[in-house]
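Chemist: First the structure, then my questions, so here it is.
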Amino acid sequence: MSFNLEIPVRVISGENAVVDNAFIFKEFGRKCLIVTSGSAAVKSGALDDIKTALENEKIEYGIFDSITENPKTSDCFEAGEIARRFGADFIIGTGGGSPLDAAKAIAVYTANPKISSPDLIYTIPVENKPLPVVLIGTTAGTGSEVTCVSVLTNETGKKKSVKGKNYYAAVVLADCKYTYSMPFSVTVSTALDALCHATESYLSAKADERSREYSEKAISLVWNELVSLLKTQKNPDEEQRDRLYDASIYAGLAIEKTGCCFPHTVGYFLTEKHGIPHGRACAVFLPEYVKRGLKFKPEMTSRLLKIMDTDFADFEKTVLSLADVKINLDKNELENYLANWEKAVNFDNSPGGFSKEDAKCLIEKLFE
Ligand code: NAP
Ligand code: FE
Numbered sequence: 013m014s015f016n017l018e019i020p021v022r023v024i025s026g027e028n029a030v031v032d033n034a035f036i037f038k039e040f041g042r043k044c045l046i047v048t049s050g051s052a053a054v055k056s057g058a059l060d061d062i063k064t065a066l067e068n069e070k071i072e073y074g075i076f077d078s079i080t081e082n083p084k085t086s087d088c089f090e091a092g093e094i095a096r097r098f099g100a101d102f103i104i105g106t107g108g109g110s111p112l113d114a115a116k117a118i119a120v121y122t123a124n125p126k127i128s129s130p131d132l133i134y135t136i137p138v139e140n141k142p143l144p145v146v147l148i149g150t151t152a153g154t155g156s157e158v159t160c161v162s163v164l165t166n167e168t169g170k171k172k173s174v175k176g177k178n179y180y181a182a183v184v185l186a187d188c189k190y191t192y193s194m195p196f197s198v199t200v201s202t203a204l205d206a207l208c209h210a211t212e213s214y215l216s217a218k219a220d221e222r223s224r225e226y227s228e229k230a231i232s233l234v235w236n237e238l239v240s241l242l243k244t245q246k247n248p249d250e251e252q253r254d255r256l257y258d259a260s261i262y263a264g265l266a267i268e269k270t271g272c273c274f275p276h277t278v279g280y281f282l283t284e285k286h287g288i289p290h291g292r293a294c295a296v297f298l299p300e301y302v303k304r305g306l307k308f309k310p311e312m313t314s315r316l317l318k319i320m321d322t323d324f325a326d327f328e329k330t331v332l333s334l335a336d337v338k339i340n341l342d343k344n345e346l347e348n349y350l351a352n353w354e355k356a357v358n359f360d361n362s363p364g365g366f367s368k369e370d371a372k373c374l375i376e377k378l379f380e
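What follows is the structure, given as structure tokens:
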């Protein structure tokens, strides 16, 4: 087997992982900023557990809870200033992928005042080691816990990632119970995100044997749950939640190796311009991705469908029904947008390659 893998994140997974491992926080200092979004950390119970753990260890904390979906560089920049003034030694990010990604960026802003305005995070080199980050997720989809990527929305409203070794968490405390409070719509969208990560990675030009093993594991866990979500239109039980959470971590490990391919890149258009949640926005392009897989990587793609015990027609129907994306397509708006995809690396890694013209045709086919 040939592979190349380095993931310097310590992941501790299990029931009561936060309170039972409270001693770990002490490794990082005496003061921390908890970074979260409007309601996830409260509804999931994660915030209560984090407070208990910090209080048990006599660690002083502040809370920044203004992170929105598709986190903005401006909010992360502001939180970085707050963390610096507070004298935070470390950052805890809790919630879905949005606050987790935000926490990684905030750790960079806090330690690097030379990044003196929000979007300079994309261009100014990170000179000082970011604050250590502890991540405690409440959704099952992004796998942000294990990736060195932070997807931010810049000051012009575009989703753009920062990545590299400065964006790894130090520790992940993974307790699936925090995902139990996700509403059905968030459960569906995040599970679709995990399916996209695993599938995009599997057929990517950058995949290797190990990353494909992660994808296969993720797909075997997530697919039956997606079928069940479509059939029952009800939230999963606790065992199913467990499987969805595991799937999201395995799929995260897969994209950590390969990055995503065109469904993600094109999906950003639907989120930025039409407010479609991330997982559903990417998933609507996934059947076309698999179709191209069947053409350019037929054996591998057939293996993928076999793992799901399905055929292409059923795969397409299931994914499109769950994604359920309807938009009023403005052709001028799309035309203006195309320049963003001129040199998209993620396009090249897709089976058979992909171009901005292909993206335009696909969007028109799906939404006209
Ligand atoms: P999210 O944007 O963090 O949250 C979506 C919604 O779910 C919010 O309304 C949130 O509520 C709610 N929510 C989250 N957990 C909940 C819980 N346990 N109970 C009740 N409500 C809950 O969702 P996400 O899909 O996990 O993250 C998407 C972001 O991650 C996107 O920006 C995407 O680009 C990024 N992403 C990053 C990576 C990576 O490798 N770094 C990979 C894929 C995607 P509140 O806002 O009220 O708290
Ligand atoms: Fe994603």
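Position one of the sequence shown corresponds to residue 13 (this note's numbering), numbered consecutively onward.
Virtual Cβ for every residue (Gly too), placed ideally from N, Cα, C.
Suppose the cutoff is 8 angstroms on Cβ atoms and the five residues either side in sequence are ignored; what does the same chain contact list for Phe-98 look like?
Modeler: So the qualifying residues of the chain are Lys-43, Leu-45 and Gly-74.
Chemist: Rounded to the nearest angstrom, how far is the Cβ of Thr-48 from that of Pro-111, given a contact under 8 angstroms?
Modeler: Indeed, because the Cβ distance is near 5 angstroms, the residues count as touching under 8 angstroms.
Chemist: Going by DSSP, what residue range makes up the alpha helix (DSSP H) through Thr-199?
Modeler: Note, Thr-199: alpha helix (DSSP H), 196-214.
Chemist: Can we say the segment 307-323 touches the segment 224-233, given the rule of at least three CB pairs closer than 8 angstroms?
Modeler: Enough Cβ pairs lie closer than 8 angstroms, so yes.
Chemist: Between the Cα of Ala-293 and those of Lys-309, Arg-255 and Lys-338, spot the shortest distance and give me the residue it belongs to.
Modeler: Answer by Cα proximity: Lys-338.
Chemist: What's the call for Arg-304, buried or exposed, on a 16-neighbour Cβ count within 10 Å?
Modeler: Buried, since its Cβ has 16 or more Cβ neighbours within 10 Å.
Chemist: DSSP beta-bridge partners for Val-161?
Modeler: Its beta-bridge partners are Lys-175.
Chemist: Can you give the beta carbon distance from Ala-115 to Leu-256, rounded, assuming they're within the 8 angstroms contact cut?
Modeler: Contact doesn't hold; Cβ gap of about 22 angstroms is too wide.
Chemist: Compare the C-alpha of Ile-231 against each of Ala-263, Pro-248, Ser-201 and Ala-53 and name the closest.
Modeler: If we check each option's Cα against that of Ile-231, Ala-263 comes out closest.
Chemist: Assuming Leu-334 contacts Val-200 (C-beta within less than 8 angstroms), just tell me the rounded distance between them.
Modeler: Confirmed, about 6 angstroms.
Chemist: Tell me whether Phe-366 is buried or exposed, calling it buried when 16 or more other Cβ atoms sit within 10 Å of its Cβ.
Modeler: Buried.
Chemist: Does DSSP put Phe-76 in a helix, in a strand, or in coil?
Modeler: The answer is strand: DSSP assigns Phe-76 an E or B state.
Chemist: Can you check whether the CB of Ala-117 is closer than 9 angstroms to the CB of Ser-162?
Modeler: Yes, these two residues count as a Cβ contact at 9 angstroms.
Chemist: Is it right to say Arg-315 is buried, meaning 16 or more other beta carbons lie within 10 angstroms of its own, or is it exposed?
Modeler: With fewer than 16 Cβ atoms within 10 Å of its Cβ, Arg-315 is classed as exposed.
Chemist: Would Asn-68 be called buried (16 or more neighbouring beta carbons within 10 Å of its own) or exposed?
Modeler: Under this definition Asn-68 is an exposed residue.
Chemist: Just to confirm before moving on: does the CB-CB distance between Cys-160 and Cys-208 stay below 9 angstroms?
Modeler: No, the Cβ-Cβ distance between Cys-160 and Cys-208 is not below 9 angstroms.
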